[in-house]
Each structure stands twice: as structure tokens, then as C-alpha cells.
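Visitor: This is the structure, below, for whatever I ask next.
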Amino acid sequence: MADKSALRILLCGFMGSGKTSVGEALAFHLKWNFSDTDSLIEKREGRSVPQIFKEDGEEYFRRAEEEEASLLGRKKKVVISTGGGFLTREETVKALRMADDSSTAVVYLAVDFETCYHRICGSTRPLVAVNTKEELKKIYDNRARLYTAASQYRVENTGEISETVAEIIRVLSL
Ligand code: S3P
């Protein structure tokens, strides 16, 4: 169970839920490192996420996420923000569980769809480019269930980032 002994915190949630902003602020507060699965994959691949989707397709990217999940257990005192699809794929969740030494606290950053949509519409995110608002809402609804299943904690990120950070620290007793 994740508590004071949590060595890494994984943030999951829909695109635009603020995983990176909250993750960076949380890491700064805890004096831990910050990592982001999209950036780790981009570094390993030497190309951007939109480029990976365009050149090799979504399934290739999902396998890269799975590979990244299998390496996360090695990192300590780190806050990791994940891409919005990271914990929605069974293989990736399994890879994370296999690599985990029970020190990972998974926190679901919950934000309503309209707020997320407002933040992501017009962005270069591949899923935003190919799906209508209605389709994205369906993906959002489906994923909400998966984020809940994959996480131990649910924290609303609808106010100030500092409030969300304080709430994460409170629920994790850090
Ligand atoms: C994705 C979310 C993106 C990125 C990729 C796919 C998704 O990350 O991993 O474009 O499937 O929701 P953010 O959640 O940081 O936007």
C-alpha cells in the first residue's frame, strides 16, 4: 500500500487534466525528480509523439508505453506523469505491476470533460486531431473507469495547482 513509504508517484488522467503541471509542482515540493512518460519515449525514439503516431501508428506508441512501464520500477523518489492512454491498456498496467515493488502510488487526476476539452482542442495531440468532440467524450467516459481501476487515489484538479499538490500530499500522508 502506498503511504509514507511511497517511492514514486504516478499521475494518470485524461489529456488536459494537468498531469504535467501538477507533477512538476509536486516534485518540486517534495524535492523529488520529475519524469514524464511521453518525454521518456520521445527521448528514446528521437522523435515527437505526433511523429511516432504518424510514422508508425498508435499501436507502436502503445508498445513503447508498455516498455516504459516495465522500466519505471527502477526509479525512486520520482513523480511521473503519464500520457492519457498509458494506464488504459491492460498490457501496460500489467507491465507496471510486474516492475513495481509496491512503492508506487498511482493517483488519478480527475477533471471534467469540458475543462479537459477546452485545454486540448486545437493542440497537436494525435487523438485530438482525428476525433470529434463527441468521440473524445466517449473516450473520456470509457477511460474514467480504467483510470479508477488502475489507481489507488483520486484527486480533483479543478482549483489551484498548489491546492491539488497539497491534497496529494495529504492523501498519501507524505
Ligand atoms: C494520449 C495522450 C498524450 C500522449 C499521446 C496519447 C492519449 O499525452 O501520450 O498523444 O492517448 O490520451 P497527454 O495526456 O499528456 O496529453
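214 is the number that our numbering gives the last residue of the sequence shown; the numbers go up by one with no jumps. We put the beta carbon where it would ideally sit given N, CA and C, even for glycine. Quick caveat, the model's predicted, so the values are computed rather than measured.
Compare the C-alpha of VAL133 against each of TYR187, LEU176 and SER61 and name the closest.
Guide: Along the sequence shown, one-based indexing puts residue 133 at 93. It is TYR187 whose Cα lies nearest to the Cα of VAL133.
Visitor: Measuring CB to CB, does LEU149 end up less than 7 Å from SER57?
Guide: For the purposes of this step, residue 149 is taken as residue 109 along the sequence shown, with counting starting at 1. For the purposes of this step, residue 57 is taken as residue 17 along the sequence shown, with counting starting at 1. Cβ atoms of LEU149 and SER57: closer than 7 Å.
Visitor: Pick out the complete alpha helix (DSSP H) segments inside the segment 56-110, 4 residues or longer, and give them in chain order.
Guide: Listed in chain order, the complete alpha helix (DSSP H) runs (minimum 4 residues) inside the segment 56-110 are 59-70, 77-85, 89-96 and 98-109.
Visitor: Counting only runs of 3+ residues fully inside the segment 114-176, write out the beta strand (DSSP E) ranges in chain order.
Guide: Counting only runs of 3 or more, we get 118-121 and 144-150.
Visitor: Is DSSP giving GLU200 helix, strand or coil here?
Guide: To locate residue 200, count along the sequence shown from 1; it is residue 160. If DSSP states are grouped into helix, strand and coil, GLU200 belongs with coil.
Visitor: In the DSSP assignment, find the beta strand (DSSP E) that holds LEU50 and state where it starts and stops.
Guide: Working through the sequence shown from its first residue, we reach residue 50 at position 10. First-last of the beta strand (DSSP E) with LEU50: 48-52.
Visitor: Which one of ALA109, SER142 and TRP72 has the shortest CA to CA distance from GLU131?
Guide: By 1-based counting over the sequence shown, the position of residue 131 is 91. Of the candidates ALA109, SER142 and TRP72, the one whose C-alpha sits nearest the C-alpha of GLU131 is ALA109.
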